[in-house]
Amino acid sequence: MYLLWDIRVSLDLFLGGLGVGAFLMGAVLYYIDAKIYEGIVKKAFIFAPLLVMAGLVLLLSELGRPMNVIKTLYAINPTSFMSVGIFLQLTFVALSLYIAFSVLTKGTVILCAKVVYTCAILAGLVGLYHGFLLSGIAREPWNNAMPVIFFVSSILAGSSLILLLNINSAEEVAKKFKLPIVINMVLTLELAAIFAWVYNLALTTASSKHIYDVLMSSFGVEFWGLSIVVGLIIPLTLFTLVLLGKTTFKSVFVLASIAIVVGSFFLKNLVVYLGQMA
Amino acid sequence: MTKKYGMIIDLHRCVGCGACNLACKSENNTPVGIDWASHKIETYGVFPKVTYTHTPTLCNHCEDAPCVRVCPTHAMHKTEEGFVVHDPSICIGCKSCMLADPYGVIHFNTKDAFIEFATDTSSEVKDGTFSKKELSDKSKAPFPNFNAERGAGGYEAIRRAGAVEKCTFCNHRVAKGLAPACVVACPADARIFGDMNDPKSQITKVLKENKPTVLLPEKGTNPKVFYIGSYN
Chain A
7 MYLLWDIRVS
17 LDLFLGGLGV
27 GAFLMGAVLY
37 YIDAKIYEGI
47 VKKAFIFAPL
57 LVMAGLVLLL
67 SELGRPMNVI
77 KTLYAINPTS
87 FMSVGIFLQL
97 TFVALSLYIA
107 FSVLTKGTVI
117 LCAKVVYTCA
127 ILAGLVGLYH
137 GFLLSGIARE
147 PWNNAMPVIF
157 FVSSILAGSS
167 LILLLNINSA
177 EEVAKKFKLP
187 IVINMVLTLE
197 LAAIFAWVYN
207 LALTTASSKH
217 IYDVLMSSFG
227 VEFWGLSIVV
237 GLIIPLTLFT
247 LVLLGKTTFK
257 SVFVLASIAI
267 VVGSFFLKNL
277 VVYLGQMA
Chain B
24 MTKKYGMIID
34 LHRCVGCGAC
44 NLACKSENNT
54 PVGIDWASHK
64 IETYGVFPKV
74 TYTHTPTLCN
84 HCEDAPCVRV
94 CPTHAMHKTE
104 EGFVVHDPSI
114 CIGCKSCMLA
124 DPYGVIHFNT
134 KDAFIEFATD
144 TSSEVKDGTF
154 SKKELSDKSK
164 APFPNFNAER
174 GAGGYEAIRR
184 AGAVEKCTFC
194 NHRVAKGLAP
204 ACVVACPADA
214 RIFGDMNDPK
224 SQITKVLKEN
234 KPTVLLPEKG
244 TNPKVFYIGS
254 YN
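Top to bottom, those sequences are chains A and B.
Numbered according to the numbering used here, the first sequence spans residues 7 to 284.
Numbered according to the numbering used here, the second sequence spans residues 24 to 255.
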């Protein structure tokens, strides 16, 4: 099948989501105590713009006329999510690069809280934009559940990546903020959003029902196996075992975090692919 | 009152000859694989009672065009006359319009159209037949059937790689008071083109006298290509 949007678009949404999630995790810890969590905050603020930019480079390589992207700065279409999203992403990248540079040269304490706050809002908007980009095109599989699914997946994957990059301090953060409970709540929210998406597909129009059948019959491994079981059920189970005292956070969080990141990619890739089959 | 152009295709008159498609290709310099005017064939029934329909298709120049809504640069836009047209000079090649278009009538140029007429020097019979490049050189045109008129108004007469293209209702011809090439070429006069805001125009009268249908009405795009009659 000829794909109009190939894997580079999925990777842009995935890497962009990782960046957004990482920045939001860093921003939360920055506001709680920038000194105590300096190591985590630093890594989060440095990796965030790099990940988003890596995604944008991949996206540019997928465009037919990438040099014309500069024209999106003056030829604005307010009804196009992509047109609005370009501004959001450019502003986020510029501001987060400034923050990353400041963090690298002067540390986290010197950072202006208002700048971090503004950038966190932009990160949230970019995270939502990834889903709105698809739902705005209005193909059956890209329904209104997309913004929630993509945003929650981005937060989960981005914060998991930051935990993985801070293995030594992850347990301390987990204890202080009862991370297994928090992560399980967000995982459940993601499961609910995916359930709403699939339920909507199965019940609405003839073509959405067809897509539901395709999803269940041809993409069972990608959907049930990689997106749901690996990306959501395994981490949910592992963190539940931690809460029940059957195991420790330290012994499961690496596996759970990797599963969340991997699952996030496969879910986003599947959604991008499925939308083009409608 | 501003003009609002539309087209009627009489399916009872259409014989499915494909003259519209060929005329469109000649007029708009579209390469192999890209057909602004095309058709869809659907088969129905259970053997031995089977039948099929042949429906000519083209851009519907929708009132509420999804391709215009999603285009990030306004490259895909509506003109005052209601034509949905594309400006390749500001197209970024994101293909959002193709994904939003429910009719599948927007095409993407993966390579420069007719580039082989500038590069291919091979001939079927050596010293016996012209190569594509020789044909292009002899005809002093990018390719032998090149229509320079398509480049009116700054539009790329031959679209380069990386942008999309689609039917424009032959807006370059309409600007000169001519009908679109597909309308002129139809041997059965199955196509009627005109201003739907003009109560005296043929299209307005025919629309009143018939119960026209449109493709995918459930999409709510308000197409301006109408179908009357039945193929069978």
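Glycine is no exception: its CB is placed at the ideal position from the N, C-alpha and C atoms.
None of the values given here were measured: they were computed from a predicted structure.
Interface with chain B (9 Å Cβ-Cβ cutoff): residue 16 of chain A is excluded. Within the segment 109 to 120 of chain B, contact with chain A at the beta-carbon level (separation under 7 Å) is assigned to 113, 114, 115, 116, 117, 118, 119.
Interface flag for residue 75 of chain A against chain B is set, since a Cβ pair is found closer than 9 Å.
For residue 93 of chain B, the nearest beta carbon of chain A is closer than 9 Å to its own beta carbon. The C-beta of residue 266 of chain A has 16 or more other C-beta atoms within 10 Å across all chains shown, which makes the residue buried.
According to DSSP, residue 249 of chain B shares a beta bridge with B:31. A check of alpha carbon separations from residue 95 of chain A across A:132, A:109, A:112, A:80 identifies A:132 as the nearest. Counting the other Cβ atoms within 10 Å of the Cβ of residue 24 of chain B gives fewer than 16, which makes it exposed. In this structure, residue 102 of chain B and residue 113 of chain B do not form a Cβ contact; the two beta carbons are roughly 15 Å apart against a cut-off of 8 Å. Contact of residue 194 of chain A with chain B is not assigned, every C-beta pair being separated by 9 Å or more. As a beta-bridge residue in DSSP terms, residue 61 of chain B pairs with B:80. Taking 9 Å as the CB threshold, residue 180 of chain B stays off the interface with chain A.
Annotation: the segment 167 to 252 of chain A contains the following complete segments of the alpha helix (DSSP H) (minimum length 4 residues), in chain order: 173 to 183, 185 to 209, 212 to 224, 240 to 249. Per DSSP, the unbroken beta strand (DSSP E) holding residue 217 of chain B starts and ends at 214 to 218. In this structure, the alpha-carbon of residue 119 of chain A lies about 11 Å from that of residue 105 of chain A.
The segment 144 to 155 of chain A makes no contact with the segment 166 to 180 of chain A, as fewer than three CB pairs between them are under 8 Å. Across the segment 128 to 154 of chain B, CB contacts with chain A closer than 9 Å involve 131, 132, 133, in sequence order along the chain. From the beta-carbon of residue 88 of chain B, no residue of chain A is found nearer than 8 Å; the closest lies around 11 Å away.
Sorting A:207, A:211, A:236 by C-alpha distance to the C-alpha of residue 222 of chain A places A:207 at the top. The residues 134, 137, 138, 141, in chain order, have a CB closer than 7 Å to that of residue 153 of chain A in the same chain once the five nearest residues on each side in sequence are set aside.
Shown here for residue 110 of chain B: same chain residues with a beta carbon closer than 6 Å to its own, the five before and five after excluded, namely 98 in chain order. Across the set A:283, A:213, A:74, A:25, the C-alpha of A:25 shows the shortest separation from the C-alpha of residue 129 of chain A. Identification of chain B residues near residue 69 of chain A by a Cβ-Cβ cut-off of 9 Å yields 115, 116, 117, 118, 185, ordered along the chain.
Relative to the Cα of residue 53 of chain B, the nearest Cα in the group B:137, B:67, B:105 belongs to B:137. Distances from the CA of residue 173 of chain B to each of B:41, B:47, B:37 were compared; the closest alpha carbon is that of B:47. Considering only beta carbons, the part of the segment 77 to 104 of chain A lying closer than 7 Å to chain B consists of 77, 78, 81, 83, 85, 86, 88, 89, 92, in chain order. For residue 101 of chain B, there is no enclosing alpha helix (DSSP H); the residue is found in the beta strand (DSSP E) stretching over 99 to 101. At a C-beta separation below 8 Å, residue 122 of chain B has these neighbours in chain A: 10, 11, 143, 145, 281, 282. Against chain A, the CB of residue 102 of chain B has no partner CB under 9 Å away; the residue lies outside that interface. Among the bridge pairs identified by DSSP, residue 26 of chain B is matched with none.
Within a 10 Å sphere around the beta-carbon of residue 226 of chain A sit fewer than 16 other beta-carbons, which makes this residue exposed. Using a Cβ distance threshold of 9 Å, residue 29 of chain B and residue 230 of chain B count as a contacting pair. At least 9 Å separates the beta-carbon of residue 239 of chain A from that of residue 200 of chain A.
Within the same chain, Cβ atoms closer than 7 Å to the Cβ of residue 169 of chain A are found at 176, 259, 263, the five residues on either side in sequence being excluded. Taking a contact to require three or more Cβ pairs closer than 8 Å, the segment 145 to 152 of chain B and the segment 80 to 89 of chain B do not qualify as touching.
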